[in-house]
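Reviewing the structure listed below.
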Amino acid sequence: MIKEITKAKGGLRPAHQPHRPNAVKNPAFKTICQRDTPIFNVLWDMKKRGLSYDIIRNVDKALSALSQRCDLQDPEFVKTTIAQHESEGYKRNLAYAYDTYAKFYGIEWKKPIYWQPRKVPRIPLEKNIEAIISSACIKTATASAISKDTGLRPIEILSLKLKQIDL
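Numbers 2 to 168, taken from the numbering used here, label the letters of the sequence shown in order.
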């Protein structure tokens, strides 16, 4: 993955990529960044502030998606466009990206708060655990049985000494 980005005549591009006059395609961003466009200026400001490459890439994707669906200068329309999406996590990412854009250009807007619900972990059934233990080799079966009965993690089982086990 390309980690270093430079500002060149053509726009935002990887440091080793040759110059192309008006637009450059950054393979990490998957978009074409024109020099001196509103989104490019926000991304370049983020780069100057030392933000992570991954954050800049995510903001680029989110702002590009928003700019295709609405006018970025109208915060209320942007808010309704963001609210139309299904996933709370995606809404949160879009809101963060537009908040960065709005702060850069001095646009007044109140950022909506979206909470991504926690996923409930999938706990395997007792019979499935027993089937795995019975089909494993003796060393793995012993470690798995100890883990199942005591709740110890694998690293804790590895550090056990024989005298610590009460038989």
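No residue lacks a Cβ here, since even glycine has one placed at the ideal position from N, Cα and C.
Check	Outcome
Buried versus exposed, by CB contacts within 10 Å (16 or more), K164	exposed
Neighbourhood of S68 by C-beta distance below 7 Å, restricted to the same chain and skipping five residues each side	I40
Cα-Cα separation, K48 to P155	41 Å
Buried versus exposed call for A98 [16 or more other C-beta atoms within 10 Å across all chains shown]	buried
Which listed residue (S135, Y106, D72) has its alpha carbon closest to that of L44	Y106
Stretch-stretch touch, CB-based, cutoff 8 Å, three pairs: the stretch 141-149 with the stretch 76-86	no
Element boundaries [alpha helix (DSSP H), containing G51]	Here G51 belongs to no alpha helix (DSSP H), and DSSP marks it neither H nor E.
For V121, three-class secondary structure by DSSP	coil
Nearest-angstrom Cα separation, counted from Y54 out to L153	38 Å
Minimum C-alpha distance to W110 - residue among A132, D100, K128	D100
Pairwise C-alpha distance: L161 and Y133	The question names Tyr, yet the displayed sequence has Ile at residue 133. Roughly 22 Å separates the two Cα atoms.
Distance between R93 and E157 (C-alpha atoms, nearest Å)	37 Å
Simplified DSSP state of K128, which is helix, strand or coil	helix
For T151, three-class secondary structure by DSSP	helix
Nearest neighbour of D75, chosen from I166, Y102, D150 [CA to CA]	Y102
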